[in-house]
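J.: Read in order, the letters of the sequence shown are residues 3 to 143 in the numbering used here. Pasting a structure here, questions to come.
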Amino acid sequence: MSGVTQNVGQMLRSMVSVRRFDRVLEKVTLVSHAPGRVVCEMKVEEEHANVGGTLHGGLTATIVDDISTLALLCTERGVAGVSANLDITYMSPAKIGEDVVITAYVLRQGKTLAFASVDLTNKATGKLIAQGRHIKYLGSG
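As structure tokens, then:
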């Protein structure tokens, strides 16, 4: 197991500490991690919402992208890679004030490609909010 796995919380904090786009995740907190798996939580706040008062789809896509990357970093190989495909299915809204559980796990990691899945669920009801699939190019070897 790489030393990277032991510093997942620190990696998440460093992603949001720079003044770049990933700072939109500053309210995401790490709950747990294991090899190839990361669980986080966040409360939907006004800054995360669309005009309808629910979690913005663009933020959902960013969550899938970044949290699945953290799950990849929690593998023995510990390589983030670059996005080749990102697919999100939106199933139910998350309203302002609701807590969301984000569970990311690596489905398969090969020599050049990795496949991850991310579920966003309502913490109170367990209802699936969105599910994302992320394919990442890891390089040529």
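No residue lacks a Cβ here, since even glycine has one placed at the ideal position from N, Cα and C.
Quick one: grab the DSSP three-state call for V81.
T.: Three-state DSSP puts V81 in coil, outside helix and strand.
J.: Is the number of C-beta pairs between the region 67-85 and the region 32-48 that are closer than 8 angstroms three or more?
T.: Contact between the region 67-85 and the region 32-48 is present, because at least three Cβ pairs lie under 8 angstroms.
J.: Looking only at its chain, what residues have a beta carbon closer than 7 angstroms to the beta carbon of K97, apart from the 5 residues adjacent to it on each side?
T.: Taken in chain order, the residues that qualify are V46, G55 and T56.
J.: Among T114, G60, R22 and R25, whose alpha-carbon lies nearest the alpha-carbon of L140?
T.: The option with the nearest alpha carbon to L140 is T114.
J.: Distance check for V33 and A82, CA to CA, integer angstroms please.
T.: About 20 angstroms.
J.: Am I right that V66 and G134 are in contact with their C-beta atoms under 8 angstroms? What's the rounded C-beta distance?
T.: Right, the Cβ-Cβ distance comes to about 3 angstroms (below 8 angstroms), so this counts as a contact.
J.: My guess is that T123 and V108 are in contact by the Cβ rule of under 8 angstroms, so how many angstroms apart are they, rounded?
T.: Actually they do not touch by this definition, with Cβ atoms about 19 angstroms apart.
J.: Along the beta strand (DSSP E) that carries L72, what are the first and last residues, could you check?
T.: Here L72 belongs to no beta strand (DSSP E); instead the alpha helix (DSSP H) covers G59 to L75.
J.: Please report the straight-line C-alpha distance between Q12 and M44, rounded to a whole angstrom.
T.: If I take the Cα positions, the gap works out to 17 angstroms.
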